[in-house]
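Same order as they appear, the protein sequences are chains Z and X. Sequential numbering from 1 applies to the first sequence in my numbering. Sequential numbering from 1 applies to the second sequence in my numbering. The beta carbon of each residue, even a glycine, is placed where N, CA and C say it ideally should be. Note that the structure is predicted; figures quoted are calculated from it, not measured. All remarks here apply to the structure that follows.
Protein chains: 2
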Amino acid sequence: MQSKITVAIVGVGLIGGSLAISLKEKKFAGHVIGVDKNAANLKTALDLKLIDEQADLEEAVKKAKLVILAIPVDAIIAILPKVLDLVTDQVVMDMGSTKEKLLEAVANHPNRGRLVASHPMAGTEYSGPEAAIPNLFTGRTMVFCDVTQSDEDAFELAENVSDLLGMKSIFMNAKEHDIHTAYVSHIAHITSFALALTVLEKEKSQGRIFELASAGFESTVRLAKSSADMWVPIFKQNRHNVMDVLQEHIRQLQQMYDVLKVEDYDTFHKLIKKSNKIKRILK
Amino acid sequence: MQSKITVAIVGVGLIGGSLAISLKEKKFAGHVIGVDKNAANLKTALDLKLIDEQADLEEAVKKAKLVILAIPVDAIIAILPKVLDLVTDQVVMDMGSTKEKLLEAVANHPNRGRLVASHPMAGTEYSGPEAAIPNLFTGRTMVFCDVTQSDEDAFELAENVSDLLGMKSIFMNAKEHDIHTAYVSHIAHITSFALALTVLEKEKSQGRIFELASAGFESTVRLAKSSADMWVPIFKQNRHNVMDVLQEHIRQLQQMYDVLKVEDYDTFHKLIKKSNKIKRILK
């Protein structure tokens with residue numbers, strides 16, 4: 001059992017704050033330093049005791065053993081070279097939702113080995129330090145990317161974090177990761193945003209929507225509450241894969257439209273039966 | 001407090017079975033007669049004690065005070081005239097998810113007043129008698145359509161059922177109902193079916209989807225487990241409204257695709273912020 005360490009968390013929002021809660025609870029983190037360009041978020045994180053102190057990036061990295069980057073993915077890409085410039089024996093885990101461009105940006109950095117590219121497949125539609133909750137990660141999957149590029153001790157510490165959080169660690173290369181997340185996460189968010197816009201656009205009597213909204217509607221549109229500041233950078237960084245999946249999704253919807261138009265209900269029935277096969281890959 | 005009555009439930013699936021559970025539990029139904037063209041479902045419903053006896057339609061209607069039609073909406077339309085032919089002082093509640101064509105089909109029936117058009121905004125993605133659960137309706141909305149066409153005593157009994165189930169009763173005309181449900185229910189199902197097809201189409205390594213599937217994906221694709229036998233008739237009966245909403249939804253998705261294509265991230269940010277307004281009309 002190692003002694004408690006100091007953890008620097010850059011971005012004290014839903015992910016960073018929830019990590020702070022869990023790593024303290026598991027007696028892994030002895031001291032948590034928060035870094036955030038948003039002063040109000042830092043104050044809230046201190047008030048909620050998610051973090052023990054606030055500091056600027058340089059000071060936080062110097063004091064910490066583990067540095068966690070939990071900010072929008074474009075912001076991670078922007079500061080990651082600087083963070084790696086600052087580290088000596090620290091371990092850096094980025095929580096970015098896309099990996100290919102992020103890892104390209106530091107591929108030749110002399111301290112690349114200190115970075116362990118990590119993507120916890122967990123979240124809610126809420127954001128900010130107030131949204132941080134215990135057990136956000138329990139039972140979820142942690143994807144580690146291109147781990148052969150990480151130093152052995154760095155990866156061991158990161159895997160230890162995943163275990164402590166109660167997560168299942170899986171491994172992918174960055175390219176593969178970005179394709180898979182486009183399917184299982186990014187497209188679901190785009191669909192939800194578009195569905196919300198559809199309803200808001202066409203429906204005038206909003207009280208009526210509220211009265212009628214069924215459980216199915218709520219679960220499908222829930223993701224449309226998600227933060228634009230987080231998601232636009234994801235779509236930007238994973239633009240090629242997202243466009244590819246989105247094009248296929250539009251094609252599937254257009255097919256359903258066309259089938260309805262010509263009243264070919266046998267084909268519609270077959271399409272739904274085929275889509276039911278998703279059961280196999282869901283709980 | 002009225003004495004317990006005999007209820008005939010045509011279609012002993014998710015909705016019919018769950019109604020049977022709740023109406024017995026609330027001491028409203030003293031005896032429940034099941035009618036179903038599927039003999040296996042009837043046997044399961046008897047085994048699960050959802051129903052007390054099985055009977056054919058004519059016998060069941062004759063014995064009952066309340067007749068509930070909980071079968072796919074095209075099947076309701078097909079048998080509703082015959083059911084109304086059979087009733088004297090019985091009350092008929094159909095559970096159809098679309099109403100305009102259904103009510104047109106019996107508009108001039110001499111016993112039209114015995115029918116109370118009812119749509120419980122409740123369900124799960126599962127079907128069949130095994131899917132029946134207690135409290136499926138609690139806290140949900142019951143939409144009554146064109147109630148001025150129902151006899152006063154018939155409507156009172158139906159409203160009593162809604163109250164007993166712990167539902168909030170609201171009132172709409174059939175045309176309005178079908179437009180609203182296209183937005184808050186039917187389109188969410190189409191989106192979910194299409195999303196499942198997109199993933200199944202493009203993703204080859206299915207083990208990977210399962211490992212990666214996040215909570216967001218699961219909630220968005222959950223509806224794609226829904227029954228084709230139930231949903232094709234809904235899309236058929238509400239074809240015009242569903243096509244209208246689907247067209248708008250495809251337009252919204254295409255707009256997002258176009259914005260990504262030209263890398264206009266400011267517009268994408270604005271679209272997401274706009275879609276976030278759905279918060280106002282969700283819990």
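Query raised in the report: Does Z:Phe217 get closer than 7 Å to chain X when you measure Cβ to Cβ?
Result: In the first sequence, counting from the first residue as 1, residue 217 of chain Z sits at position 217. With 7 Å as the cut-off, Z:Phe217 counts as an interface residue toward chain X.
Query raised in the report: Got a sec: is the Cβ-Cβ distance from X:Gln252 to anything in chain Z below 7 Å?
Result: In the second sequence, counting from the first residue as 1, residue 252 of chain X sits at position 252. Chain Z contact via Cβ: present.
Query raised in the report: Which class does X:Leu57 belong to by DSSP, given the choice of helix, strand or coil?
Result: The count along the second sequence starts at 1 and reaches residue 57 of chain X at position 57. DSSP places X:Leu57 within a helical segment (H, G or I) once states are collapsed to three.
Requested in this report: Would you kindly work out how many angstroms separate the C-alpha atoms of Z:Glu58 and Z:Val10, rounded to a whole number?
Outcome: Looking up residue 58 of chain Z in the first sequence gives position 58. Looking up residue 10 of chain Z in the first sequence gives position 10. Going from the Cα of Z:Glu58 to the Cα of Z:Val10 covers about 11 Å.
Requested in this report: Output yes if chain X places a C-beta closer than 7 Å to the C-beta of Z:Met243; else output no.
Outcome: Reading the first sequence from its first residue, position 243 is the one you call residue 243 of chain Z. Output row for Z:Met243: interface = yes.
Query raised in the report: When you compare only the Cα positions, how much space is there between Z:Ala29 and Z:Lys99?
Result: For this step, residue 29 of chain Z is matched to residue 29 along the first sequence. For this step, residue 99 of chain Z is matched to residue 99 along the first sequence. Looking at the two C-alpha atoms, the distance is approximately 26 Å.
Query - Alpha-carbon to alpha-carbon, X:Ala154 and Z:Ala188 - result: Taking the first sequence and counting its residues from 1, the one referred to as residue 188 of chain Z is at position 188. Taking the second sequence and counting its residues from 1, the one referred to as residue 154 of chain X is at position 154. Rounded to the nearest angstrom, the two C-alpha atoms are 44 Å apart.
Query raised in the report: Taking the C-alpha atoms as reference points, what is the distance between X:Tyr265 and X:Ala182?
Result: For the purposes of this step, residue 265 of chain X is taken as residue 265 along the second sequence, with counting starting at 1. For the purposes of this step, residue 182 of chain X is taken as residue 182 along the second sequence, with counting starting at 1. Their backbone Cα atoms lie some 31 Å apart in a straight line.
Query raised in the report: What is the DSSP secondary structure of Z:Ala40, counted as helix, strand or coil?
Result: Start at 1 with the first residue of the first sequence, and residue 40 of chain Z comes out as number 40. Helix.
Requested in this report: Give a yes or no on whether the minimum CB-CB distance between X:His240 and chain Z is below 7 Å.
Outcome: In the second sequence, the residue the question calls residue 240 of chain X occupies position 240. Cβ-Cβ to chain Z under 7 Å: no for X:His240.
Query - Supposed close pair Z:Val184, Z:Val147 - CB separation, criterion 8 Å - result: Position 184 of the first sequence, counted from the first residue, corresponds to residue 184 of chain Z. Position 147 of the first sequence, counted from the first residue, corresponds to residue 147 of chain Z. Contact doesn't hold; Cβ gap of about 21 Å is too wide.
Report task. Could you say if the stretch 244–253 of chain X and the stretch 86–105 of chain X meet the contact criterion of at least three C-beta pairs nearer than 8 Å? Result -> no
Query raised in the report: At a CB-CB cut-off below 8 Å, which residues of chain X make contact with Z:Ile190?
Result: Sequence index remark: in the first sequence, residue 190 of chain Z carries index 190 (1-based). Those within 8 Å of Z:Ile190 in chain X are Leu253, Met256.
Report task. Buried or exposed for X:Asn108, please, with buried defined as at least 16 other CB atoms from any protein chain shown within 10 angstroms of its CB. Result -> Residue mapping note: residue 108 of chain X aligns to position 108 of the second sequence, counting from 1. Exposed: under 16 other Cβ atoms inside 10 Å.
Query raised in the report: So is X:Leu260 in contact with chain Z if we call contact Cβ pairs under 7 Å?
Result: Within the second sequence, residue 260 of chain X is the residue found at index 260, counting from 1. By the rule that beta-carbons nearer than 7 Å mark a contact, X:Leu260 touches chain Z.
**Report entry** Own chain, CB closer than 7 Å to X:Ala64, minus 5 neighbours either side, in chain order
**Finding:** Within the second sequence, the letter at position 64 stands for residue 64 of chain X. Excluding positions up to five away in sequence, the list reads Thr6, Val7, Ala8, Ile33, Gln90.
Query raised in the report: For a contact meaning CB atoms closer than 9 Å, what does X:Ala228 contact in chain Z?
Result: Here residue 228 of chain X refers to the residue found at position 228 when the second sequence is read from its first residue. Within 9 Å Cβ-Cβ: Phe268, His269, Lys270, Leu271, Ile272, Lys273, Ser275, Asn276.
Requested in this report: Might you give, ordered along the chain, the residues of its own chain that have their beta carbon closer than 7 Å to the beta carbon of Z:Met167, omitting 5 neighbours on each side?
Outcome: Position 167 of the first sequence, counted from the first residue, corresponds to residue 167 of chain Z. Taken in chain order, the residues that qualify are Pro120, Phe137, Arg140, Thr141, Met142.
Requested in this report: Check whether the stretch 11–18 of chain Z touches the stretch 44–53 of chain Z, counting contact only when three or more Cβ pairs, one atom from each stretch, lie closer than 8 Å.
Outcome: yes
Query raised in the report: Going along chain X in order, which residues have a C-beta closer than 7 Å to the C-beta of Z:Ala196?
Result: In the first sequence, counting from the first residue as 1, residue 196 of chain Z sits at position 196. Those within 7 Å of Z:Ala196 in chain X are Ser275, Ile278.
Query - Uninterrupted alpha helix (DSSP H) stretches inside the stretch 131–167 of chain Z (no shorter than 4 residues) - result: 152–164
Report task. Provide the residue(s) that pair with Z:Met93 in DSSP beta bridges, ordered along the chain. Result -> Walking along the first sequence from the start, residue 93 of chain Z turns up at place 93. Per DSSP, Z:Ile68, Z:Val116.
Query raised in the report: Over what stretch of residues does the alpha helix (DSSP H) that includes X:Ile15 continue unbroken?
Result: The sequence position of residue 15 of chain X within the second sequence is 15, counting from 1. For X:Ile15, the enclosing alpha helix (DSSP H) covers residues 14–25.
Query raised in the report: How many angstroms separate the CA atom of Z:Thr198 from the CA atom of X:Ile272?
Result: The residue labelled residue 198 of chain Z in the question sits at position 198 within the first sequence. The residue labelled residue 272 of chain X in the question sits at position 272 within the second sequence. Distance between the alpha carbons of Z:Thr198 and X:Ile272: 12 Å.
Query raised in the report: Pick from Z:Asp229, Z:Glu201, Z:Lys101: whose alpha carbon is nearest that of Z:Ser127?
Result: Counting from one through the first sequence, the residue named residue 127 of chain Z turns up at place 127. Answer by Cα proximity: Z:Asp229.
Query raised in the report: For Z:Phe144 and chain X, any beta-carbon pair shorter than 7 Å?
Result: If you number the first sequence from 1, residue 144 of chain Z lands on position 144. Output row for Z:Phe144: interface = no.
Query - Endpoints, alpha helix (DSSP H) assigned at X:Thr267 - result: Indexing the second sequence from 1 puts residue 267 of chain X at position 267. 265–275 is the span of the alpha helix (DSSP H), which, as asked, contains X:Thr267.
Query raised in the report: When DSSP labels each residue in this structure, what does Z:Phe28 get in the three-state scheme?
Result: The sequence position of residue 28 of chain Z within the first sequence is 28, counting from 1. The answer is coil: DSSP assigns Z:Phe28 none of H, G, I, E or B.
Requested in this report: Compare the C-beta of X:Leu200 with all C-beta atoms of chain Z and state if any pair is closer than 7 Å.
Outcome: Within the second sequence, residue 200 of chain X is the residue found at index 200, counting from 1. For X:Leu200, a Cβ of chain Z is located within less than 7 Å of the residue's own Cβ.
Query raised in the report: Under three-state DSSP, which class holds Z:Met243?
Result: For the purposes of this step, residue 243 of chain Z is taken as the residue at position 243 of the first sequence. Note: Z:Met243 maps to helix in three-state DSSP.
Query raised in the report: Using the beta-carbon count (16 or more within 10 Å), is X:His240 buried or exposed?
Result: The residue labelled residue 240 of chain X in the question sits at position 240 within the second sequence. Exposed: under 16 other Cβ atoms inside 10 Å.
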